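**Student:** Chains as they are written, first to last, in our numbering: chain R, -2 to 254; chain G, -2 to 254; chain E, 229 to 531; chain A, 229 to 531.
The C-beta atom is built at its ideal place from N, Cα and C for all residues, glycine as well.
Note that the coordinates shown come from a computational prediction; the quantities given were computed from them, not determined experimentally.
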Amino acid sequence: MSKKVIRDLRVIGNERIGGSFFMLTLQSEDALPVIMPAQFAEVKINNSVGTFLRRPISIHDVDYDKQTIQLLVKIAGDGTATLAHLREGDLLNVVFPLGNTFALPLSGRVLLVGGGVGVAPLLFTARYMQRFGFRPDILLGYRSKSNILRKEVYEKFGNVFYSTDDGSFGEKGTVMQHSIFNSENFPYTEILACGPEPMMRALAKWALEHKVECEVSLENKMACGIGACLCCVQNTKDGHKCVCTEGPVFNVKQLLW
Amino acid sequence: MSKKVIRDLRVIGNERIGGSFFMLTLQSEDALPVIMPAQFAEVKINNSVGTFLRRPISIHDVDYDKQTIQLLVKIAGDGTATLAHLREGDLLNVVFPLGNTFALPLSGRVLLVGGGVGVAPLLFTARYMQRFGFRPDILLGYRSKSNILRKEVYEKFGNVFYSTDDGSFGEKGTVMQHSIFNSENFPYTEILACGPEPMMRALAKWALEHKVECEVSLENKMACGIGACLCCVQNTKDGHKCVCTEGPVFNVKQLLW
Amino acid sequence: MVNLNVDINGLKLKNPVLTASGTFGFGLEYADFVDLERLGGFIVKGTTLNPREGNPYPRMAETASGMLNAVGLQNKGVDYFCKENYPQLKDLKTNVLVNVSGSCIEDYVETARRIGELPNIPAIELNISCPNVKEGGMAFGTDPKSAGEVVAAVRKAYGKHLMVKLSPNVTNIVSIAKAVEDAGADSVSLVNTFLGMAIDVRTRRPKLSTITGGMSGPAIKPIAVRMVWQVAHNVKIPVCGLGGIVTAEDAIEFLLAGASCIQVGTANFLYPDATVRVLDGIELYCEKYGVKDISELIGGMKQ
Amino acid sequence: MVNLNVDINGLKLKNPVLTASGTFGFGLEYADFVDLERLGGFIVKGTTLNPREGNPYPRMAETASGMLNAVGLQNKGVDYFCKENYPQLKDLKTNVLVNVSGSCIEDYVETARRIGELPNIPAIELNISCPNVKEGGMAFGTDPKSAGEVVAAVRKAYGKHLMVKLSPNVTNIVSIAKAVEDAGADSVSLVNTFLGMAIDVRTRRPKLSTITGGMSGPAIKPIAVRMVWQVAHNVKIPVCGLGGIVTAEDAIEFLLAGASCIQVGTANFLYPDATVRVLDGIELYCEKYGVKDISELIGGMKQ
Ligand SMILES: Cc1cc2nc3c(=O)[nH]c(=O)nc-3n(C[C@H](O)[C@H](O)[C@H](O)COP(=O)(O)OP(=O)(O)OC[C@H]3O[C@@H](n4cnc5c(N)ncnc54)[C@H](O)[C@@H]3O)c2cc1C
Ligand SMILES: Cc1cc2nc3c(=O)[nH]c(=O)nc-3n(C[C@H](O)[C@H](O)[C@H](O)COP(=O)(O)OP(=O)(O)OC[C@H]3O[C@@H](n4cnc5c(N)ncnc54)[C@H](O)[C@@H]3O)c2cc1C
Ligand SMILES: Cc1cc2nc3c(=O)[nH]c(=O)nc-3n(C[C@H](O)[C@H](O)[C@H](O)COP(=O)(O)O)c2cc1C
Ligand SMILES: Cc1cc2nc3c(=O)[nH]c(=O)nc-3n(C[C@H](O)[C@H](O)[C@H](O)COP(=O)(O)O)c2cc1C
Ligand code: FES
Ligand code: FES
């Protein structure tokens, strides 16, 4: 893994993108370290009285030339709400890049599966694959058509399929009810997924049953983000593993779900 | 004393006025309560992690028609620095008006004496006197010409004399070295003062020696601002008195200085 | 409609929201901000047999999410309370409790006895946990034996509801609570302040005139909730929980841990209308989560 | 140039900044952010005789200006430390201390003995104050007698610098410190975490799998400073102060209260470079206030 840095990044964009989502664009004065798909940042939120610890946020996109990273954030509480109020020119102290990356080859027939804010790390994953000449299929699950985030950008990097709970766009139902998982043959050799835990548990179960390689990115509560505190552990077949350093990506075969 | 209120006031102006001073103009949706000279407000500072309690700030000016109050603030630490960053449209939760007012008649030959940020309550005092047809003389002490705050406004309400430590404007020296206090006869029947403690102690000593009535406004540390916690006490001839309710104004004869 | 009534071992409250002694004056200081009669009750400033000037200034220092105080029980004495404060409070349609402090058992007993003669004071809160006085105070509350002794003595002289306020500055809060229960307390309240200190690094002087003082505010809440949980599961008398309550959620946390009622303290300084904010918030929470009776929440933590 | 060297009863530190066990991993986790050799030293994660899986998830909850943890001494055991971690640490030009924990006296003794065989570990910190394990841990640290017993036993088996880490969850911290001093400790460090808990009001479940956990962070600083001040004035051995240190000013507060060195704990999570921020800030403070030697600050509070 590349060197981790702690840096004050400058906010050069903070865009509301529907519902409780917004996208922060942060610029670094110095060259960015190498960032891998599914890695995350730990963000210090200074002016929220209720926010003591840093907040882990996936790295949604990276532009090495402009020296920017983007974070796609959903307002979940005080900390993220405070981030939503950042203005251009403000500084944000960020520790990054943190965590592992997908261990499965990003080169075969890959299906990326995301739900809700879990779509965040998949954009950079798809962009990363493109750099090496690969084009994943992408299945994104949303509550409703109006929740769909950054449709065109994902579509640049792969074929995108949608499921919505209310059927207002793509297929109706959860991602697991999508025809991809319910037709005769499943054309992918690996599934990489990020989303709400119930979705990932269902996916893990399906993948194990159908003997398809599957990795999921988890979101346990973190204090340090760098493997020092042992707070973020996930119970696995090999005992407690730190989600911040031995994850966030785990092969579902490892998990005790 | 009039009824105290807790209100979200809207910031309609936040002006830097030299050095570390700024002036907040706050508007109330409802009519203002009656406010008396030397009363203060307790301001809740929400987005400063280091600021737990409210901050007491004198009411610098009042406009009942526009339903605005003004606060003249000096950056002293985290709390006041955070206030300096408020922008138009922001809300500020304020408890006001608090404290007593001058007990001496505001009708005789009154000298107002202020030093540094202690000039804040004197503006409204002078405006209040004008309403009843009186015009005080005002002696303001500053470090240097460049520190002088809102010169023209004070001059609307009285003759203003200046002392500066470096002699760059008015007389050179502290207010106590000003010729007003050092000539044959002292033409005022009462002195009302606010400023740094050493200045007020010197003034109190002078007034007691010269048998001139003198009241000073104190700035003890406060937790509640409404007489409930007994933290802000000043030791007086009658024992501990709360600066927030039995003050901030004290007759120097009361004090054990 | 949510039923917010609670019965604290005979002391009937229209809702579980009280105020913490020393943070609410004599109630009237807050009358511009709070309809006092909406509260379950309020507990007035610590009262001693004789008047006390308290400690010298400075008495207060801000800390991370909290504050230190060293007021030192400044008050005008029990007789002044009976003559001057009581008449202003006695007709309020809420429970007014007096926080009774002392530096020896005799003082506690005599103060309690005199308060006991006031018909409209239904209960006292016996403060055996004040860290800000040289003699007595916290010393009584940090040892089960002496805690039991002072409570037993007061019990004999005071016939109404006797709530005893515990100090958190102890190894084993349960042993103190049990001693106090055995000595005849009707309920316990916890926690009082934690003994702390702060130094101004510029002047190298302590920030309080007394060097150490009592810490309160949200900073202490997790420890207070833990102690309430321990005590509530180990004594039979009701527990009144406090320490860092600012919001309704904070209050509910104490109820879930086992408190039958709560006190709002330092939060009154942050928001003079904190008590009604908490009360309204509890009602809203109950409506949102389908709680019909506040008793469903008391001790309702799932494990 | 400021002289920052301190001599902790024979343990020589190039400056008073250490790190708190359990918050700094094995140091190497922080190597991207901190030049480890600049530190006075660091104290690695709590190590036990046998490997421990620790407590189930969730192990962490945020609180006002602090956090609760219930890690429960997850570690791979002393032999793993000696074989795998020690070789990576032994050549660092700073003091690497091992925090030794146990659930019975024999375990403490044997773990200390094995660490004692590592030539480049100049000291251990004996953790008799962990609130997150069922047996042992804090139980040893809350009673002077058992604290003395475990220290005396380890003292016999361990010849190098023996620092003993005290629990703040006690009525009388001085009595514990004295017992530990009498039993042969070379220094004491305080404080470990405060026992606390938090409940999620939406789910009504405890936020930690173990219900209660250890509270750390700025919230506890005033209590920690008070305890350090009390202990430093009542024992002869040096005191290492910690609890809520984030800035240089916080560290200096502990020094003024009587600590000879300090530990940065939870702050490492807020700023992975917190230790060097504190160190640089101490140097700046000394220059600004004309302090030539850090020893001028130690116990330097004016009264
Ligand atoms: C590796 C990782 C990557 C993530 N990526 C993203 C992302 O790209 N975009 C995004 O919007 N969110 C992401 N999250 C979730 C994000 O960290 C939480 O939503 C955020 O911490 C909530 O903070 P808050 O102060 O707004 O809310 P809080 O008031 O703290 O909590 C609101 C809710 O979020 C949960 N939560 C609080 N702290 C954490 C934490 N440290 N880790 C996980 N959950 C927490 C709480 O249990 C609660 O349910 C990620 C989390 C992890 C662990
Ligand atoms: C009745 C009264 C009226 C005041 N009027 C004004 C005014 O009109 N304009 C103005 O700029 N300032 C005024 N002050 C002073 C103002 O309250 C402090 O400057 C402010 O509280 C500092 O807060 P901070 O967070 O910026 O600084 P902090 O970091 O809290 O402290 C910086 C310095 O201010 C002192 N201080 C901190 N809190 C208080 C407090 N509650 N009371 C007094 N001093 C404190 C500290 O000891 C320290 O020296 C008044 C104070 C009082 C008591
Ligand atoms: C300024 C102040 C004065 C206090 N005075 C008393 C008192 O007289 N008697 C008492 O029993 N407790 C007193 N306390 C303690 C509070 O009643 C309460 O136990 C403590 O503050 C913890 O609750 P909180 O965190 O909600 O404030 C006082 C607290 C403060 C902050
Ligand atoms: C996540 C975490 C793990 C800890 N593990 C240990 C430990 O293994 N051994 C120990 O003695 N103290 C442990 N502690 C306590 C710290 O070393 C320190 O005493 C405490 O956190 C107070 O200091 P702080 O407020 O600076 O963090 C741990 C603290 C935290 C937050
Ligand atoms: S968050 Fe600290 S080890 Fe993962
Ligand atoms: S600040 Fe509370 S009594 Fe004055």
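Contact criterion: CB-CB distance below 8 Å. Does residue 454 (chain A) meet it with respect to chain E?
**Tutor:** yes
**Student:** Which residue from R:143, R:109, R:114, R:148 puts its Cα closest to that of residue 132 (chain R)?
**Tutor:** The shortest Cα separation from residue 132 (chain R) among R:143, R:109, R:114, R:148 belongs to R:109.
**Student:** Check whether the region 307 to 327 of chain E and the region 467 to 480 of chain E touch, using three or more Cβ-Cβ pairs below 8 Å as the test.
**Tutor:** No: the two stretches stay apart, fewer than three of their Cβ pairs being nearer than 8 Å.
**Student:** Look up residue 46 (chain R) in the DSSP assignment and say whether it is helix, strand or coil.
**Tutor:** coil
**Student:** Quick check: is the beta carbon of residue 502 (chain E) nearer than 8 Å to any beta carbon in chain A?
**Tutor:** no
**Student:** In angstroms with no decimal places, state the Cα-to-Cα distance between residue 234 (chain R) and residue 463 (chain E).
**Tutor:** 43 Å
**Student:** Out of curiosity, what's the CA-to-CA distance linking residue 129 (chain R) and residue 239 (chain R)?
**Tutor:** 30 Å
**Student:** Can you give me the C-alpha to C-alpha distance between residue 162 (chain R) and residue 264 (chain A), rounded to a whole angstrom?
**Tutor:** Distance between the alpha carbons of residue 162 (chain R) and residue 264 (chain A): 52 Å.
**Student:** Check this for me: beta carbons of residue 485 (chain A) and residue 506 (chain A), under 8 Å apart or not?
**Tutor:** Cβ distance not < 8 Å, so residue 485 (chain A) and residue 506 (chain A) don't count as in contact.
**Student:** Taking only heavy atoms of ligand 5 into account, decide whether any of them is closer than 7 Å to the Cβ of residue 242 (chain R).
**Tutor:** yes
**Student:** Across the region 246 to 253 of chain G and the region 436 to 444 of chain E, are there enough close Cβ pairs to call them in contact, namely three or more that are closer than 8 Å?
**Tutor:** No, because fewer than three Cβ pairs between the region 246 to 253 of chain G and the region 436 to 444 of chain E fall closer than 8 Å, the two stretches do not touch.
**Student:** Could you check what DSSP says for residue 211 (chain G) in three-state terms: helix, strand or coil?
**Tutor:** strand
**Student:** Which chain A residues are close to residue 224 (chain R), counting only those with a beta carbon under 9 Å from its beta carbon?
**Tutor:** 253, 257
**Student:** Could you tell me which chain A residues have their CB closer than 7 Å to the CB of residue 352 (chain E), listed as they occur along the chain?
**Tutor:** Result: empty, since nearest Cβ-Cβ is about 25 Å, beyond 7 Å.
**Student:** Rounded to whole angstroms, what's the CA-CA distance from residue 191 (chain G) to residue 223 (chain G)? Just pull it up for me.
**Tutor:** Taking the straight line from one Cα to the other gives about 20 Å.
**Student:** Closer than 7 Å by beta-carbon distance: list the chain E residues that pair up with residue 247 (chain G), in chain order.
**Tutor:** Correct list: empty, because the minimum Cβ distance to chain E is about 13 Å.
**Student:** Looking at residue 184 (chain R) and residue 118 (chain R), is the spacing between their C-beta atoms short of 8 Å?
**Tutor:** no
**Student:** Using a beta-carbon distance cut-off of less than 8 Å, what residues from the region 295 to 306 of chain A approach chain R?
**Tutor:** 295, 297, 299, 302
**Student:** From what residue to what residue does the beta strand (DSSP E) around residue 188 (chain R) run?
**Tutor:** 187 to 191
**Student:** Quick one, which of E:511, E:429, E:495, E:439 has its alpha-carbon nearest residue 288 (chain E)'s?
**Tutor:** E:439
**Student:** Assuming residue 543 (chain E) contacts residue 379 (chain E) (C-beta within less than 8 Å), just tell me the rounded distance between them.
**Tutor:** Outside the shown range of chain E (229 to 531) lies residue 543 (chain E), about which nothing can therefore be said.
**Student:** Give me, in chain order, the residues of the same chain whose beta-carbon lies closer than 7 Å to that of residue 72 (chain G); leave out the 5 immediate sequence neighbours on both sides.
**Tutor:** 17, 78, 81
**Student:** Does the region 404 to 419 of chain E come within contact of the region 280 to 295 of chain E, defined as at least 3 CB pairs closer than 8 Å?
**Tutor:** Touching, no.
**Student:** Does the beta carbon of residue 8 (chain G) sit closer than 8 Å to a beta carbon anywhere in chain R?
**Tutor:** Chain R contact via Cβ: absent.
**Student:** Could you tell me the boundaries of the alpha helix (DSSP H) in which residue 160 (chain G) lies?
**Tutor:** Segment 156 to 161 is the beta strand (DSSP E) holding residue 160 (chain G); no alpha helix (DSSP H) there.
**Student:** Inspect the CB distances between the region 398 to 407 of chain E and the region 238 to 258 of chain E and report whether three or more fall short of 8 Å.
**Tutor:** no
**Student:** Distance cutoff 8 Å, beta carbons only. Does residue 11 (chain R) sit that close to anything in chain G?
**Tutor:** no
**Student:** List, in order along the chain, the chain R residues whose C-beta lies closer than 8 Å to that of residue 314 (chain A)?
**Tutor:** The contacting residues do not exist; residue 314 (chain A) stays about 18 Å from chain R at best.
**Student:** Below 8 Å between beta carbons: does that hold for residue 154 (chain R) and residue 167 (chain R)?
**Tutor:** no
**Student:** So, using beta-carbon positions, are residue 347 (chain A) and residue 239 (chain A) closer together than 8 Å?
**Tutor:** no
**Student:** Assuming residue 410 (chain E) is part of the alpha helix (DSSP H), what are its boundary residues?
**Tutor:** 401 to 410
**Student:** Can you determine whether any heavy atom of ligand 2 sits closer than 7 Å to the C-beta of residue 230 (chain R), and answer yes or no?
**Tutor:** Within 7 Å of the C-beta of residue 230 (chain R) there is not a single heavy atom belonging to ligand 2.
**Student:** Just verifying my parser: in three-state terms, what is the DSSP assignment at residue 344 (chain A)?
**Tutor:** helix
**Student:** Since residue 417 (chain A) sits in a beta bridge, which residues does DSSP pair it with?
**Tutor:** A:393, A:468
**Student:** Just to check, is the beta-carbon of residue 217 (chain G) closer than 7 Å to a non-hydrogen atom of ligand 3?
**Tutor:** no
**Student:** For the beta strand (DSSP E) that contains residue 289 (chain E), what are its first and last residues?
**Tutor:** 288 to 291
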